[in-house]
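K.L.:
There are 2 protein chains.
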Amino acid sequence: MLDVAERLVQVRGFNGFSYADIARELGITKASLHYHFPGKAELGEALIHRYAARFGEALTEIDRDIAGPRAKLDAYVAIYSNVLSEGRMCLCGILAAEYATLPDPMREAVTRFFAANETWLAAVLSEGQADGSLAIRGSLVDASEMILSGLEGAMLISRTSDEPARFSTAAQGLLDTLTP
Amino acid sequence: MLDVAERLVQVRGFNGFSYADIARELGITKASLHYHFPGKAELGEALIHRYAARFGEALTEIDRDIAGPRAKLDAYVAIYSNVLSEGRMCLCGILAAEYATLPDPMREAVTRFFAANETWLAAVLSEGQADGSLAIRGSLVDASEMILSGLEGAMLISRTSDEPARFSTAAQGLLDTLTP
DNA sequence: GTCTATAGGCAGATAGAC
DNA sequence: GTCTATCTGCCTATAGAC
Numbered sequence: 009m010l011d012v013a014e015r016l017v018q019v020r021g022f023n024g025f026s027y028a029d030i031a032r033e034l035g036i037t038k039a040s041l042h043y044h045f046p047g048k049a050e051l052g053e054a055l056i057h058r059y060a061a062r063f064g065e066a067l068t069e070i071d072r073d074i075a076g077p078r079a080k081l082d083a084y085v086a087i088y089s090n091v092l093s094e095g096r097m098c099l100c101g102i103l104a105a106e107y108a109t110l111p112d113p114m115r116e117a118v119t120r121f122f123a124a125n126e127t128w129l130a131a132v133l134s135e136g137q138a139d140g141s142l143a144i145r146g147s148l149v150d151a152s153e154m155i156l157s158g159l160e161g162a163m164l165i166s167r168t169s170d171e172p173a174r175f176s177t178a179a180q181g182l183l184d185t186l187t188p
Numbered sequence: 009m010l011d012v013a014e015r016l017v018q019v020r021g022f023n024g025f026s027y028a029d030i031a032r033e034l035g036i037t038k039a040s041l042h043y044h045f046p047g048k049a050e051l052g053e054a055l056i057h058r059y060a061a062r063f064g065e066a067l068t069e070i071d072r073d074i075a076g077p078r079a080k081l082d083a084y085v086a087i088y089s090n091v092l093s094e095g096r097m098c099l100c101g102i103l104a105a106e107y108a109t110l111p112d113p114m115r116e117a118v119t120r121f122f123a124a125n126e127t128w129l130a131a132v133l134s135e136g137q138a139d140g141s142l143a144i145r146g147s148l149v150d151a152s153e154m155i156l157s158g159l160e161g162a163m164l165i166s167r168t169s170d171e172p173a174r175f176s177t178a179a180q181g182l183l184d185t186l187t188p
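Chains as they are written, first to last, in our numbering: chain A, 9 to 188; chain B, 9 to 188.
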C-alpha cells in the first residue's frame, strides 16, 4: 500500500491522487485504507518517513562501501537516476512544490529530509576538500545546497523532456564543476 | 483574474487551487469565471502563454539594456529572485512538478518555455565563451540546462526553508562556477 | 459580464457488519 | 482487516435570467 501511494505521489503529486486511486490498484476499498491511515495527512507523513529512512540507509551504504569523495557523489547521483528512470520525481522534491498545501507535520518532515541530505553532502565535500580531490568555491554548506538544488531541479525539468539522458548530463556537469 | 490565478498556481500548484478560490478573491462567482475560460485547462494554457510572453520580453530587455554575459546572467537570476520574494515558485517550474496530471496543451507550453530559456541562456554563454568572460565546461547546451535546472531547483528547495537568502547564495554559487 | 441555481461527480472520511 | 453503505463537502461545469 505504501509502495503504491509512494509511486502515485512521485508521479502525480500529493494533490494529484486520491484514496480511490490506491484502492483501485490494490483491489480493495477506500474504507480499508482508512483503517491503516486515518487520513491522507498521516499517510503522507508515513511516506516521507519511510522514504527518508531508506534514503538515509542508502547514504550509510555509500559511506561504508565506496571510497573517494567523487565516487561517493557519483553514487549519490545514481540514487536520483534510479528514481527518475521510473518516471518518478524525488518524493520530497515533488512535495516541496506543493509545500504551501501540505499539513505542518509533512512540511517539517520534508525540510528535515533536505537538511539531512545537505549534512551528508557537506561531509563528503569536506573530505574531498581535505584530500584535494575536489575544489569547492565558497562554503561547504553553500556548495551542498547547490548540488542538492541542482539535482532536484534537473529531475524536475527532465521529466518535461523526452530525452532520458538529460538528467545525467546535467548532473555530471554539476559534479564536474567540483573537479580541480 | 489572470493575476489572481497565476499567484494561486505559483504558490499552491495547479492542483492546489479551485475556481472558488479565484472567485472569492475577486468577489465574483465561479460561473462568471467560466464565461472567460470555459475550463481549468484553458485557464492554465492562458496563464502559461502570458507568463512565457512576459518572460520573453524580460529577456529581450536584458539583451537590449545590459552589456556583458555575466551581468546578463545576474539579471536573469534577478528575475527568479523577484518571483521567489513573493513566496512564489516559477509558474512553469511548479507545473513541471505536476506534469503527469496536466492536459496536453499545457504540457507542450511548459516544455516550450524551458526550451526558450535554454536557447537564450546558450546564446549568452556563447557570447561569454567568445569574449573569454565565461569558462564553460562541456557543451553550451549542457551548461544551459545545468543553469536552468539549478535555478528551478534552488527555488523549489528554498521555499521549504525559512532562510530567504538561500536562493541567492545557491544561484550565485552556480554562476560562479562559470568564472574563468 | 455577472448573477442564481443546479447538475453530476469525486474528494476525504465514518459507522457498523462480517 | 476488509467490506457495504453512506455522509458531507467541494470540485468543475452548465443553463438560463438579468
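By construction, the Cβ of each residue, glycine as well, lies at the ideal position given by its N, Cα and C atoms. Quick caveat, the model's predicted, so the values are computed rather than measured.
Roughly how many angstroms lie between the CA atoms of A86 (chain B) and G95 (chain B), to the nearest whole one?
P.N.:
In the second sequence, residue 86 (chain B) corresponds to position 78, counting from 1. In the second sequence, residue 95 (chain B) corresponds to position 87, counting from 1. Roughly 15 angstroms separates the two Cα atoms.
K.L.:
Less than 8 angstroms between the CB atoms is what I'm expecting for Y88 (chain B) and M163 (chain B), so what's the real figure, rounded?
P.N.:
The sequence position of residue 88 (chain B) within the second sequence is 80, counting from 1. The sequence position of residue 163 (chain B) within the second sequence is 155, counting from 1. Right, their Cβ atoms sit about 6 angstroms apart.
K.L.:
Examine chain A for any beta-carbon lying closer than 8 angstroms to the beta-carbon of T127 (chain B), and answer yes or no.
P.N.:
By one-based count along the second sequence, residue 127 (chain B) stands at place 119. Judged by the 8 angstroms Cβ criterion, T127 (chain B) is not in contact with chain A.
K.L.:
Determine the DSSP secondary structure at P188 (chain A), reduced to helix, strand or coil.
P.N.:
As a working note, residue 188 (chain A) is residue 180 in the first sequence. Three-state result, P188 (chain A): coil.
K.L.:
Scan the stretch 79 to 113 of chain A and note each continuous alpha helix (DSSP H) run of 4 residues or more that stays entirely inside, going in chain order.
P.N.:
Scanning the stretch 79 to 113 of chain A from its first residue to its last, the whole alpha helix (DSSP H) runs of 4-plus residues come out as 99 to 105.
K.L.:
In the DSSP assignment, find the alpha helix (DSSP H) that holds P54 (chain A) and state where it starts and stops.
P.N.:
Mapped onto the first sequence, residue 54 (chain A) falls at position 46. Reading off the sequence, residue 54 (chain A) comes out as Ala, not Pro. Taken as a continuous stretch (DSSP letters only), the alpha helix (DSSP H) holding A54 (chain A) covers 48 to 73.
K.L.:
Alpha carbons only, please: which of A:A131, A:R62, A:L159 is nearest the one belonging to L182 (chain B)?
P.N.:
Sequence index remark: in the second sequence, residue 182 (chain B) carries index 174 (1-based). Out of A:A131, A:R62, A:L159, A:L159 has the C-alpha closest to the C-alpha of L182 (chain B).
K.L.:
Taking 8 angstroms as the threshold (beta carbon to beta carbon), is D139 (chain A) in contact with chain B?
P.N.:
The residue you call residue 139 (chain A) lines up with position 131 of the first sequence. No, no contact with chain B.
K.L.:
Identify, in the order they occur along the chain, each residue of the same chain with its Cβ nearer than 8 angstroms to the Cβ of V118 (chain A), setting aside the five sequence neighbours on each side.
P.N.:
Taking the first sequence and counting its residues from 1, one reaches residue 118 (chain A) at position 110. For V118 (chain A), where only same-chain residues beyond five positions count, the Cβ hits under 8 angstroms are I56, C100, L103, A104, Y107, L110.
K.L.:
Around the Cβ of S26 (chain A), are there at least 16 other Cβ atoms within 10 angstroms (buried) or fewer (exposed)?
P.N.:
Along the first sequence, one-based indexing puts residue 26 (chain A) at 18. Flag for S26 (chain A) reads exposed.
K.L.:
How about A130 (chain B) and S157 (chain B): are their beta carbons less than 8 angstroms apart?
P.N.:
On the second sequence, position 122 is the one that residue 130 (chain B) refers to. On the second sequence, position 149 is the one that residue 157 (chain B) refers to. Going by beta carbons, A130 (chain B) and S157 (chain B) fall outside the 8 angstroms limit.
K.L.:
How far does the alpha helix (DSSP H) with G161 (chain B) in it reach, from first residue to last?
P.N.:
Locating residue 161 (chain B) in the second sequence gives position 153, where the first residue counts as 1. Start and end: 148 to 166.
K.L.:
Does the beta-carbon distance from G52 (chain B) to M97 (chain B) come in below 8 angstroms?
P.N.:
Residue mapping note: residue 52 (chain B) aligns to position 44 of the second sequence, counting from 1. Residue mapping note: residue 97 (chain B) aligns to position 89 of the second sequence, counting from 1. Contact flag unset, no.
K.L.:
Are the CB atoms of A49 (chain A) and K38 (chain A) within a distance shorter than 8 angstroms?
P.N.:
As a working note, residue 38 (chain A) is residue 30 in the first sequence. As a working note, residue 49 (chain A) is residue 41 in the first sequence. No.
K.L.:
Check each candidate in B:G140, B:F122, B:A143, B:I144 and name the one with the smallest Cα separation from D170 (chain A).
P.N.:
Start at 1 with the first residue of the first sequence, and residue 170 (chain A) comes out as number 162. Taking only the C-alpha atoms, the option nearest D170 (chain A) is B:F122.
K.L.:
Using a 10 Å radius around the Cβ and a threshold of 16 neighbouring Cβ atoms, would you call G146 (chain B) buried or exposed?
P.N.:
For this step, residue 146 (chain B) is matched to residue 138 along the second sequence. Per the 10 Å Cβ criterion, exposed.
K.L.:
Within 8 angstroms (strictly less), CB to CB, does G52 (chain B) reach chain A?
P.N.:
As a first step, residue 52 (chain B) is located in the second sequence; it is residue number 44 there, counting from the start. False, the Cβ-Cβ gap to chain A never drops below 8 angstroms.
K.L.:
CB-CB under 8 angstroms to A66 (chain A), same chain, minus the five flanking residues each way: which ones, in chain order?
P.N.:
Position 58 of the first sequence, counted from the first residue, corresponds to residue 66 (chain A). Only I87 meet the Cβ criterion.
K.L.:
Around the C-beta of N90 (chain A), are 16 or more other C-beta atoms found within 10 angstroms, so that it is buried, or is it exposed?
P.N.:
Here residue 90 (chain A) corresponds to residue number 82 of the first sequence, with the count starting at 1. Classification for N90 (chain A): exposed.
K.L.:
Note the first and the last residue of the continuous alpha helix (DSSP H) segment covering A31 (chain A).
P.N.:
Counting from 1 along the first sequence, the entry for residue 31 (chain A) is found at position 23. 27 to 34 is the extent of the alpha helix (DSSP H) around A31 (chain A).
K.L.:
CA-CA distance, Y59 (chain A) and E14 (chain A)?
P.N.:
What you label residue 59 (chain A) is simply residue 51 of the first sequence in a count that begins at 1. What you label residue 14 (chain A) is simply residue 6 of the first sequence in a count that begins at 1. Approximately 9 angstroms, taken between the alpha carbons.
K.L.:
Could you tell me whether the Cβ of S26 (chain A) comes closer than 8 angstroms to any Cβ of chain B?
P.N.:
Start at 1 with the first residue of the first sequence, and residue 26 (chain A) comes out as number 18. Taking Cβ atoms only, chain B never reaches closer than 8 angstroms to S26 (chain A), which makes this a no.
K.L.:
What does R174 (chain B) reach in chain A if we use C-beta pairs closer than 8 angstroms?
P.N.:
If you number the second sequence from 1, residue 174 (chain B) lands on position 166. By Cβ distance, chain A contributes E153.
K.L.:
Determine the chain A residues that contact G85 (chain B) at a beta-carbon separation under 9 angstroms, and present them in chain order.
P.N.:
One-based indexing of the second sequence puts residue 85 (chain B) at position 77. The question names Gly, but residue 85 (chain B) in the sequence shown is Val. By Cβ distance, chain A contributes nothing, its closest Cβ being about 13 angstroms from V85 (chain B), past 9 angstroms.
K.L.:
Is it the case that the Cβ atoms of T187 (chain B) and A143 (chain B) are separated by a distance below 8 angstroms?
P.N.:
Stepping through the second sequence from its first residue, residue 187 (chain B) is reached at position 179. Stepping through the second sequence from its first residue, residue 143 (chain B) is reached at position 135. Cβ atoms of T187 (chain B) and A143 (chain B): closer than 8 angstroms.
K.L.:
Considering only their Cβ atoms, is the gap separating N23 (chain B) from G24 (chain A) smaller than 8 angstroms?
P.N.:
Locating residue 24 (chain A) in the first sequence gives position 16, counting from the first residue. Locating residue 23 (chain B) in the second sequence gives position 15, counting from the first residue. Pairing G24 (chain A) with N23 (chain B) gives a Cβ-Cβ distance under 8 angstroms.
K.L.:
Short of 6 angstroms in beta carbon distance, which residues of its chain neighbour Q137 (chain B), apart from the five on each side in sequence? Order them along the chain.
P.N.:
As a first step, residue 137 (chain B) is located in the second sequence; it is residue number 129 there, counting from the start. I144.
K.L.:
Could you please tell me which residues of the stretch 158 to 169 of chain B, in chain order, have their CB closer than 9 angstroms to any CB of chain A?
P.N.:
G158, L159, E160, G161, A162, M163, L164, I165, S166, R167, T168, S169
K.L.:
Please return the same chain residues whose Cβ sits closer than 8 angstroms to the Cβ of R174 (chain B), not counting the five positions on each side in sequence.
P.N.:
Position 166 of the second sequence, counting from 1, holds the residue named residue 174 (chain B). Result list for R174 (chain B): A162, I165, S166, in chain order.
K.L.:
Short check: CB of V132 (chain A) to CB of P77 (chain A), under 8 angstroms?
P.N.:
By one-based count along the first sequence, residue 132 (chain A) stands at place 124. By one-based count along the first sequence, residue 77 (chain A) stands at place 69. Against a cut-off of 8 angstroms, the Cβ pair of P77 (chain A) and V132 (chain A) comes out as a contact.
K.L.:
What's the gap between the Cα of N125 (chain A) and the Cα of A79 (chain A)?
P.N.:
Here residue 125 (chain A) refers to the residue found at position 117 of the first sequence. Here residue 79 (chain A) refers to the residue found at position 71 of the first sequence. Each residue's alpha carbon lies about 17 angstroms from the other.
K.L.:
Below 8 angstroms on the Cβ atoms is my contact criterion, and I expect M9 (chain B) with H42 (chain B) to pass it. Report the Cβ-Cβ distance as a whole number of Å.
P.N.:
To locate residue 9 (chain B), count along the second sequence from 1; it is residue 1. To locate residue 42 (chain B), count along the second sequence from 1; it is residue 34. Contact doesn't hold; Cβ gap of about 12 angstroms is too wide.
K.L.:
Would you verify that the beta carbon of V132 (chain A) is, or is not, closer than 8 angstroms to some beta carbon of chain B?
P.N.:
As a position in the first sequence, residue 132 (chain A) is number 124, starting the count at 1. Judged by the 8 angstroms Cβ criterion, V132 (chain A) is not in contact with chain B.
K.L.:
Under 8 angstroms, CB to CB, which of the residues in the stretch 96 to 128 of chain A have a partner in chain B?
P.N.:
M97, G101, I102, A104, A105, E106, Y107, A108, T109, R115, V118, T119, F122
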